[in-house]
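Top to bottom, those sequences are chains H and Y. According to our numbering, the stretch in the first sequence is residues 1 to 80, in order. According to our numbering, the stretch in the second sequence is residues 81 to 465, in order. Input: a single structure, listed below in structure tokens.
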Amino acid sequence: MSHEEEKVKVIDARGSYCPGPLMELIRTVKQSNIGDIIEVWSSDEGSQRDIPKWTEKAGHEFLGVIHEKGYDRIRVRKTR
Amino acid sequence: MKRILVVGGGTGGTIVANNLAHRLHEKLVKGEIEITVVDSSSLHVYQPAYLLIPFGIMHRNEAIRSERDLLAETIKFRQERVNKIDVNNRLVKTDSSSLQYDFLVLATGAQPDYSQVPGLEKGGYDFYTLENAYKLREAIGKFEGGRLVVAVAGIPFKCPTAPMEFAFLADSYYSKLGVRDKIELDYLYPLPRPFTIPNVAEQVQKLMDDRKIKTDLLFNVESVNPEKKEITSIEGETIKYDLAVLTPPHTGSEVVRVSGLTDKGGWIPTDRYTLHVKGYDDVYAIGDATDLPVSKAGSAADFQAAVVSTNIWDNINGFPPSLRYDGRVMCFIITAIGEATILLFDYEHPPSPPPPNFACYWYKLVYNRMYWTVTAKGLLPGFGV
């Protein structure tokens, strides 16, 4: 993952509650280029459930979750 | 003399001003305190009526009052447009005045922002202004059959329960007219469930399934084509409609944005417990204008108004603040004409709504009247919380 770090767009949505983190991700994906990786920092437990569902429906690639203390880093690649 | 300035004469601003006027009556009469409400409109609108007007359940004369008449006589009302709020110099500038304050309450609300979605304004109807609610009433009345789409076209928006209530009311309205079988009713929503709060969403989904309201979830409206009558989603779907009822995304008022008081979304960063605008102990924000993680709804503003008016009173009388906002919101969900349930929740406790029933619907209709005589008058802010 290290070579990808430079390309990652980080959305710090910690402290924001459902549907904040998902909505911020959707907004950012809309404004990004195909291939861009977007990482949402979310302290809302629902994000772990909602973001993969949206990513699948929208046809993007879900790259996984990195658990940090008090929040998650959820990664998505824009593919279309 | 202490000056309390309230910017915005909607639900939150009016309750704060009236409640303080009751509590501080003697000081106001003696000239030791001054309370001023400033708003560009002379009218106060009970916005929950917007949902009910399209179905003929409420009418214009039940939805509007004069703001001056609603405020206590001891409150000064200025019908002026606010141009700039300078919190560093405790100054609010309007078209014709420069108003100084000791306590400022920002109750500047939210408004539909159609510009965020191409085609949104011309593609369908909505019920987020009085004028639009009446246009929708006409459209609902003339609709003879086909696909009626109720869609949320962007988050956040005022009154999170309203779009699903609209779908339920449409189902009920056309069922009573005996034409429901001629109408395909679709509900499009941006999340993977038909409402933000998961346990409520489960109940809503069941009701929608029972009533043959088709739900298309994770549908984020990208654009609307008024000519082709099509709604396209960010996720790549296109849905055709004969009549569309579209909830526009909302944004905060322009004056707080141009005054540099908002985040990038147009909302005022607000301490979730004290309701201070972050960084300013003499400035409060309440209602739709805030970035608080609660519903943009009059009920939230009412509970917040109780906290702000109490804590300003405490300060003026030399006491420490005695209330904290706990995130409390109370919302009715009308699930049919003659049937409703109720949500009561806060930051820590999710709602546990009872099964839909007539009593809740009746209470909602009674509350629509009680708003003018109790709530807006500031007699029982936050139901006495």
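Each residue gets a CB set at the ideal place from its N, CA and C atoms; glycine is no exception. Treat the numbers as computed from the prediction; the structure is a model and nothing was measured.
In the displayed model, TRP41 of chain H falls within a strand according to three-state DSSP. Using a Cβ-Cβ cut-off of 8 Å, THR276 of chain Y counts as an interface residue toward chain H, since at least one Cβ of chain H sits closer than that to its own.
Residues of chain Y whose Cβ lies closer than 7 Å to the Cβ of LYS30 of chain H are, in chain order, ILE314. Residue-level contact by beta carbon holds for TRP54 of chain H and chain Y, with a gap shorter than 8 Å. One alpha carbon belongs to ARG80 of chain H, the other to GLU317 of chain Y, and they sit about 14 Å apart. Here GLU310 of chain Y is bridged, per DSSP, to Y:ASN305 and Y:LYS320. Identification of chain H residues near ASN279 of chain Y by a Cβ-Cβ cut-off of 8 Å yields none; the smallest Cβ-Cβ distance measures about 12 Å. When the five nearest sequence neighbours on each side are left out, the beta carbons in the same chain lying within less than 7 Å of the beta carbon of GLY204 of chain Y are those of VAL304, ALA324, VAL325 and LEU326, in order along the chain.
When CB distances to chain H are screened at a threshold of 7 Å, the residues of the stretch 227–239 of chain Y falling below it are ILE235, in chain order.
Inter-residue distance for LEU186 of chain Y and GLY378 of chain Y is about 15 Å (C-alpha atoms, whole angstroms). For GLN285 of chain Y, there is no enclosing beta strand (DSSP E); the enclosing alpha helix (DSSP H) covers residues 278–290.
Within the stretch 360–394 of chain Y, the beta strand (DSSP E) runs of at least 3 residues that lie entirely inside it are, in chain order, 363–365. Nearest to GLN180 of chain Y by alpha-carbon distance, out of Y:GLU114, Y:SER146 and Y:TYR451, is Y:GLU114.
In the structure shown, the three-state DSSP call for ASP206 of chain Y is coil. The C-alpha of LYS262 of chain Y is placed about 42 Å away from the C-alpha of THR370 of chain Y.
Nearest in C-alpha terms to ASN169 of chain Y, of all of Y:ARG404, Y:TYR360 and Y:LYS457, is Y:TYR360. GLN196 of chain Y sits in a helix when the DSSP states are folded into three classes. Within chain H, the residues placing a beta-carbon under 7 Å from that of LEU298 of chain Y are LYS53, TRP54 and LYS57, ordered along the chain.
Residue state for LEU25 of chain H is assigned as helix, using DSSP reduced to three classes.
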